[in-house]
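Novice:
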Amino acid sequence: MTPPSPSAPAPIADRYEPAAVEERWYPEWEQRGYFRADPASAKPPYCIVIPPPNVTGALHMGHAFNLTLQDVLIRHKRMDGFDALWQPGTDHAGIATQVVVERQLAAEGKTKDDVGREAFVARVWKWKEESGGSILRQLKRLGASCDWSRLRFTMDEGLSRAVREVFVRLYDEGLIYRDDYIVNWCPRCQTVLSDLEVEREERDAEFVYIKYGPLTLGTVRPETKLGDTGLAVHPNDPRYAQYVGRTLEIPSVDGPISVKVVADEAVDPEFGTGVIKVTPGHDPVDFEIGKRHGLPIRTVIGFDGKMTAAAGKYAGLDRFETRKRIVEDLQALGLIDHIEPYRHAVGLCYRCKTVVEPLVSKQWYVNVKPLAEVALAAVRDGRITIIPPGWTKTYDHWMENIRPWCISRQLWWGHRIPAWHCDADGSIHVSRTDLAACPTCGGALRQDPDVLDTWFSSGLWPFSTLGWPDETTALAKYYPTSVLVTGFDIIFFWVARMAMFGLHLMKEEPFRDVYIHALVRDAEGQKMSKSKGNVVDPLAIMAKYGTDAFRFTLAALAAQGRDIRISDERVEGYRNFANKLWNAARLVLSTLDGYDPAGDTAPAGLPGRWVASRLQTTIVDVRQALDAYRFNDAAAAIYQFLWNDVCDWYLEIAKGALYRSDDPAGRQRVQHTLVTVLETTLRLLHPFMPFITEELWQRLPHQGDSIMVAPYPTATTAADADAEREMALLMQAVTAVRNIRGEMRLSPAQSLTVSVKTAAADEPLLRAHVGLIEALARAKITIDPRAVRPPASALGVVGASEMYVELAGLVDLAAERQRLEKEIKRTVDAIAFTRGKLARPDFTERAPAEIVDKEREKLAEHEALHAKLVASLSWVG
RNA sequence: GGUCGAUUAGCUCAGUUGGCAGAGCACCGGCCUCACAUGCCGGGGGUCGCUGGUUCGAGUCCAGCAUCGACCACCA
Numbered sequence: 044m045t046p047p048s049p050s051a052p053a054p055i056a057d058r059y060e061p062a063a064v065e066e067r068w069y070p071e072w073e074q075r076g077y078f079r080a081d082p083a084s085a086k087p088p089y090c091i092v093i094p095p096p097n098v099t100g101a102l103h104m105g106h107a108f109n110l111t112l113q114d115v116l117i118r119h120k121r122m123d124g125f126d127a128l129w130q131p132g133t134d135h136a137g138i139a140t141q142v143v144v145e146r147q148l149a150a151e152g153k154t155k156d157d158v159g160r161e162a163f164v165a166r167v168w169k170w171k172e173e174s175g176g177s178i179l180r181q182l183k184r185l186g187a188s189c190d191w192s193r194l195r196f197t198m199d200e201g202l203s204r205a206v207r208e209v210f211v212r213l214y215d216e217g218l219i220y221r222d223d224y225i226v227n228w229c230p231r232c233q234t235v236l237s238d239l240e241v242e243r244e245e246r247d248a249e250f251v252y253i254k255y256g257p258l259t260l261g262t263v264r265p266e267t268k269l270g271d272t273g274l275a276v277h278p279n280d281p282r283y284a285q286y287v288g289r290t291l292e293i294p295s296v297d298g299p300i301s302v303k304v305v306a307d308e309a310v311d312p313e314f315g316t317g318v319i320k321v322t323p324g325h326d327p328v329d330f331e332i333g334k335r336h337g338l339p340i341r342t343v344i345g346f347d348g349k350m351t352a353a354a355g356k357y358a359g360l361d362r363f364e365t366r367k368r369i370v371e372d373l374q375a376l377g378l379i380d381h382i383e384p385y386r387h388a389v390g391l392c393y394r395c396k397t398v399v400e401p402l403v404s405k406q407w408y409v410n411v412k413p414l415a416e417v418a419l420a421a422v423r424d425g426r427i428t429i430i431p432p433g434w435t436k437t438y439d440h441w442m443e444n445i446r447p448w449c450i451s452r453q454l455w456w457g458h459r460i461p462a463w464h465c466d467a468d469g470s471i472h473v474s475r476t477d478l479a480a481c482p483t484c485g486g487a488l489r490q491d492p493d494v495l496d497t498w499f500s501s502g503l504w505p506f507s508t509l510g511w512p513d514e515t516t517a518l519a520k521y522y523p524t525s526v527l528v529t530g531f532d533i534i535f536f537w538v539a540r541m542a543m544f545g546l547h548l549m550k551e552e553p554f555r556d557v558y559i560h561a562l563v564r565d566a567e568g569q570k571m572s573k574s575k576g577n578v579v580d581p582l583a584i585m586a587k588y589g590t591d592a593f594r595f596t597l598a599a600l601a602a603q604g605r606d607i608r609i610s611d612e613r614v615e616g617y618r619n620f621a622n623k624l625w626n627a628a629r630l631v632l633s634t635l636d637g638y639d640p641a642g643d644t645a646p647a648g649l650p651g652r653w654v655a656s657r658l659q660t661t662i663v664d665v666r667q668a669l670d671a672y673r674f675n676d677a678a679a680a681i682y683q684f685l686w687n688d689v690c691d692w693y694l695e696i697a698k699g700a701l702y703r704s705d706d707p708a709g710r711q712r713v714q715h716t717l718v719t720v721l722e723t724t725l726r727l728l729h730p731f732m733p734f735i736t737e738e739l740w741q742r743l744p745h746q747g748d749s750i751m752v753a754p755y756p757t758a759t760t761a762a763d764a765d766a767e768r769e770m771a772l773l774m775q776a777v778t779a780v781r782n783i784r785g786e787m788r789l790s791p792a793q794s795l796t797v798s799v800k801t802a803a804a805d806e807p808l809l810r811a812h813v814g815l816i817e818a819l820a821r822a823k824i825t826i827d828p829r830a831v832r833p834p835a836s837a838l839g840v841v842g843a844s845e846m847y848v849e850l851a852g853l854v855d856l857a858a859e860r861q862r863l864e865k866e867i868k869r870t871v872d873a874i875a876f877t878r879g880k881l882a883r884p885d886f887t888e889r890a891p892a893e894i895v896d897k898e899r900e901k902l903a904e905h906e907a908l909h910a911k912l913v914a915s916l917s918w919v920g
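Residue numbers (my numbering): 44 to 920.
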């Protein structure tokens with residue numbers, strides 16, 4: 044049973060007012076179940092998983108852009124007969140969410156340690172419950188047709204089970220392991236970060252040359268001198284060969300230290316003095332060198348960013364303060380050779396921008412190398428297609444150079460690592476279920492305190508949301524998903540991880556296509572950020588211009604570049620487009636009296652055949668563009684057709700028949716053409732502008748309950764080339780008169796007298812549609828193959844025919860003479876250019892025949908026009 | 001240091017196998033023509049960053065240069 048359509052306000056306003064329409068339709072669609080996929084249906088599947096937004100976040104421009112594109116695809120495929128599933132969900136966003144709640148606590152004068160782990164996590168859950176609905180409401184506001192009955196959260200029960208399953212499996216396969224390694228540590232967030240979570244920033248620093256006994260070397264981190272356990276030189280460096288293998292006793296700030304000199308390929312002999320100090324505890328390169336040469340690790344900087352007890356008299360001092368002090372102290376001891384200014388990249392925490400400290404600690408890792416090889420192959424052999432293809436190289440490069448992924452985080456909010464430590468016998472047990480006692484010794488266990496990197500769970504998203512590890516019907520039907528739509532900023536974080544996990548665990552790629560879109564910037568091209576205060580709120584834009592206008596703007600801007608700029612002016616333009624559509628529909632609806640849906644359906648006359656043909660072409664163009672993810676082309680095709688072809692030409696032409704009552708049958712056919720064209724265009728446009736199209740579709744004669752579930756238009760006939768050519772000639776005639784009117788500054792109210800000297804081929808056509816030309820050009824037209832040009836007339840060229848617009852008593856003939864002289868000069872130039880081209884044998888002999896013919900035609904046209912213009916001069920004079 | 005991208009009208013940008021340079025906005029002129037002034041009609045405006053090359057023909061392909069930008073990177 045079809046629920047009743049929401050009642051529409053009776054009078055149709057002359058401006059489109061989006062708010063009421065949007066409020067009315069979204070709940071209606073949802074309630075009717077249109078958003079729901081049906082794994083049991085026989086329809087072919089089409090599935091997109093949403094990039095899960097932060098559960099406690101708010102909708103920003105990036106979301107709006109990303110979601111609009113997905114909704115366009117999903118609505119298109121749903122209308123096109125697919126069982127379309129847009130899988131929604133949210134992400135727990137580990138560190139981001141934890142930081143927010145920590146801030147809330149701070150406002151109460153408390154820290155997370157004051158409340159304790161359990162209470163803290165409970166509090167985050169509470170915050171999630173309170174604020175988690177906000178982002179979802181905002182998605183709905185945008186019109187997103189997600190299947191809300193399948194809403195998931197990265198920390199819900201099912202997904203948590205998937206996370207454990209994956210962890211245990213990879214552990215059992217030896218792909219997850221613990222290791223003492225040098226990591227990126229954020230002293231403020233008090234957690235380890237993956238390589239991806241470290242941002243690089245160029246900064247000015249001092250390059251300090253320090254004397255190390257007989258050697259001198261440069262460093263930007265003098266404070267780590269306290270942790271030095273070696274020096275390194277290049278193995279082939281003759282300058283230092285004598286020192287390799289020796290242990291040097293050298294004076295330092297806190298008494299003499301002994302360092303071993305080693306030879307290592309990692310040293311660049313060209314840089315600095317060709318000697319480096321080796322601090323295995325505080326530098327990744329040094330850590331590797333130390334490992335290779337058995338140098339001890341000396342940790343002098345702690346997890347709090349302050350010097351440790353091992354730093355002697357500097358213990359407890361901040362690391363940057365220590366840097367200054369050490370330089371001063373070395374200076375005093377005469378151990379500084381000299382200092383140079385230096386610019387280099389420092390690593391910053393992506394969250395809080397604190398300088399990351401490389402520190403050695405024990406963490407959990409995934410050996411992603413073997414997974415990456417499979418993920419690389421999937422793209423190479425075409426199982427996954429990246430669009431635009433330029434991003435493939437970025438993906439490849441990262442995959443090829445991938446390093447172990449550090450997945451443990453010293454946070455409380457997230458998936459706790461399913462590993463239990465037995466303090467009694469030191470054993471570690473990884474398990475799908477919680478363990479109470481040590482399986483080896485029966486002793487007490489404590490669960491690993493760390494949680495997993497947020498991206499570990501989002502990496503499972505394409506299959507965990509469909510029910511994995513259970514073998515659900517949804518998983519069987521919708522995996523692999525059809526396309527993943529996302530920005531290039533998370534290719535590594537997310538796309539790469541999903542590819543690796545999906546291929547490894549499901550043995551099949553998680554998505555066939557990856558559509559990488561641009562990032563949204565403000566009108567000046569600046570990245571939007573809260574600190575810059577240039578954040579444009581999508582909700583404000585929607586409130587001001589309407590959701591449809593906003594969505595259409597995003598689609599129209601979605602060219603496959605690096606970034607797009609959004610501005611009010613642009614949205615306003617498409618708001619006007621929505622209004623144009625509204626008014627076009629208003630015109631049609633107001634002239635539907637006597638409309639008989641069963642009446643004559645043949646397009647009415649030449650204009651009818653023409654607009655029908657243009658519609659067919661538009662359908663083909665839009666479909667092709669959507670299939671290729673060329674959203675901007677699709678949007679432009681509809682915009683152009685609706686505004687220029689339908690509104691500017693066809694509606695104006697149709698008015699003639701609609702406002703006349705002497706030809707009921709003709710009127711009937713025009714009504715039919717109008718209804719068909721408009722109704723079809725609405726369906727074509729629906730994925731982009733869901734609300735206004737539904738509202739108007741419901742008011743027009745239609746079949747079905749909702750445009751959302753109506754079929755997407757299909758081209759039924761080929762374009763009508765004859766109609767297009769013939770209409771082009773009529774339009775040219777109208778434009779020619781209007782053009783003369785404009786150039787002569789004649790009022791539109793001024794009716795003109797025009798005679799047309801028709802060429803034989805065009806006479807029947809022009810004669811048959813003289814009324815149409817007269818109406819659109821506001822002129823009295825006489826057709827006569829033997830017409831003689833009247834004195835003081837302007838010439839219009841229409842195909843092979845000529846048009847004489849009488850100007851006597853209407854215009855300044857001297858000005859017209861001037862204009863003609865200018866025109867003549869232009870044709871003379873064009874003729875010279877084309878003749879020159881045709882005179883070159885290399886062109887005429889080697890270019891394809893049709894190109895040469897085209898040039899010849901062009902020349903003939905120029906010559907004919909020239910002759911006519913010259914003739915015109917005498918008429919004007 | 002490496003990789004990739006951008007450079008087209010005043011502005012923001014399209015331009016998919018090389019074949020007559022486009023759109024929106026802005027601008028100029030004329031219109032309250034009974035769907036729409038969030039509108040209608042007409043118009044002006046571009047050595048397609050620079051220099052070479054390939055080609056009958058280059059905005060498009062190749063090489064180099066310049067400027068801007070993004071990403072990756074363990075020269076301390």
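From the three backbone atoms N, C-alpha and C, an ideal C-beta is built for every residue, glycine too.
Does DSSP classify residue 44 as helix, strand or coil?
Specialist: Model confidence at residue 44 stands at a pLDDT of 30, short of 50, so the residue's coordinates are unreliable; what they give is reported in the following sentence. Note: residue 44 maps to coil in three-state DSSP.
Novice: Which whole-angstrom value describes the C-beta separation of residue 497 and residue 136, a residue pair presumed to lie in contact below a C-beta threshold of 8 Å?
Specialist: Correct: roughly 6 Å between the Cβ atoms.
Novice: Would residue 769 be called buried (16 or more neighbouring beta carbons within 10 Å of its own) or exposed?
Specialist: Label assigned to residue 769: buried.
Novice: Rounded to the nearest angstrom, what separates residue 528 and residue 410 at their Cα positions?
Specialist: About 27 Å.
Novice: Per DSSP, residue 693 forms a beta bridge with which residues?
Specialist: DSSP output for residue 693 lists no bridge partner at all.
Novice: May I ask you to report which of helix, strand or coil DSSP gives residue 135?
Specialist: If DSSP states are grouped into helix, strand and coil, residue 135 belongs with coil.
Novice: Give every residue of the same chain whose Cβ lies closer than 8 Å to the Cβ of residue 352, excluding the five residues on either side of it in the sequence, and list them in chain order.
Specialist: Within the same chain, residue 352 has close Cβ partners 358.
Novice: Pull up the DSSP beta-bridge partners for residue 97, would you.
Specialist: DSSP, once it has assigned bridges, lists 134 as partnering residue 97.
Novice: Given this structure, state the Cα-to-Cα distance separating residue 141 from residue 123, to the nearest angstrom.
Specialist: Going from the Cα of residue 141 to the Cα of residue 123 covers about 43 Å.
Novice: Just to confirm before moving on: does the CB-CB distance between residue 430 and residue 559 stay below 8 Å?
Specialist: Cβ atoms of residue 430 and residue 559: closer than 8 Å.
Novice: If we count the other Cβ atoms within 10 Å of its Cβ and call it buried at 16 or more, is residue 220 buried or exposed?
Specialist: Under this definition residue 220 is an exposed residue.
Novice: What is the DSSP secondary structure of residue 428, counted as helix, strand or coil?
Specialist: Note: residue 428 maps to strand in three-state DSSP.
Novice: Does DSSP put residue 790 in a helix, a strand or coil?
Specialist: Residue 790: coil per DSSP, three-state reduction.
Novice: Do the region 467–481 and the region 437–454 meet, that is, are 3 or more Cβ pairs less than 8 Å apart?
Specialist: No, the region 467–481 does not touch the region 437–454.
Novice: Tell me the DSSP bridge mates of residue 556?
Specialist: Paired residue(s): 428 and 526.
Novice: Apart from the five residues just before and just after residue 345, which ones in its own chain have a Cβ nearer than 6 Å to its Cβ?
Specialist: The residues are 351.
Novice: Does the separation of the CB atoms of residue 186 and residue 778 fall below 8 Å?
Specialist: No. Outside cutoff.
Novice: Just to confirm before moving on: does the CB-CB distance between residue 579 and residue 554 stay below 8 Å?
Specialist: Not in contact: residue 579 and residue 554 (Cβ atoms no closer than 8 Å).
Novice: Based on DSSP bridge pairs, tell me the residues matched to residue 844.
Specialist: Beta-bridge pairing links residue 844 to 841.
Novice: Give the C-beta separation of residue 737 and residue 750 to the nearest angstrom, bearing in mind that I take them to be a contact with Cβ-Cβ under 8 Å.
Specialist: Contact flag correct, Cβ pair sits at about 5 Å.
Novice: Looking only at C-alpha atoms, which of 436, 441 and 428 sits nearest to residue 415?
Specialist: Residue 415 has its Cα closest to that of 441, out of 436, 441 and 428.
Novice: From which residue to which residue does the alpha helix (DSSP H) around residue 872 run?
Specialist: 856–882 is the extent of the alpha helix (DSSP H) around residue 872.
Novice: Are the CB atoms of residue 710 and residue 703 nearer to each other than 8 Å?
Specialist: Yes. Within cutoff.
Novice: Starting from residue 301 and walking both ways along the beta strand (DSSP E), at which residues does that stretch end?
Specialist: That run of the beta strand (DSSP E) goes 300–306.
Novice: Could you compute how far the alpha carbon of residue 425 sits from the alpha carbon of residue 314?
Specialist: Spanning the two alpha carbons is a distance of roughly 44 Å.
Novice: Excluding five sequence neighbours on each side, which residues of the same chain lie with their C-beta closer than 6 Å to the C-beta of residue 49?
Specialist: Legend: pLDDT at residue 49 = 42, less than 50; position of this residue unreliable, value from coordinates given subsequently. 67 and 71, listed in sequence order.
Novice: Name the residue from 854, 807 and 753 whose alpha carbon lies nearest to the alpha carbon of residue 787.
Specialist: Here the closest residue by C-alpha is 854.
Novice: Can you give me the C-alpha to C-alpha distance between residue 800 and residue 819, rounded to a whole angstrom?
Specialist: Cα to Cα, the separation comes out at about 19 Å.
Novice: Please give me, in chain order, every unbroken run of the beta strand (DSSP E) with length at least 3 that falls completely inside the region 585–619.
Specialist: With a minimum length of 3 residues, the continuous beta strand (DSSP E) runs that stay inside the region 585–619 are 606–608.
Novice: Since residue 420 sits in a beta bridge, which residues does DSSP pair it with?
Specialist: Beta-bridge pairing links residue 420 to no other residue.
Novice: Which residue or residues does DSSP assign as beta-bridge partners of residue 350?
Specialist: DSSP output for residue 350 lists 344 as bridge partner(s).
Novice: What whole-angstrom Cβ distance do residue 563 and residue 607 have, given they're in contact under 8 Å?
Specialist: About 6 Å; that satisfies the 8 Å criterion.
Novice: In whole angstroms, give me the CA-to-CA distance for residue 408 and residue 473.
Specialist: Rounded to whole angstroms, residue 408 to residue 473 spans 14 Å at the Cα level.
Novice: Three-state secondary structure (DSSP) at residue 453?
Specialist: Coil, per DSSP.
Novice: Below 7 Å CB to CB, which residues in the same chain sit around residue 203 once its five sequence neighbours on both sides are set aside?
Specialist: 458, listed in sequence order.
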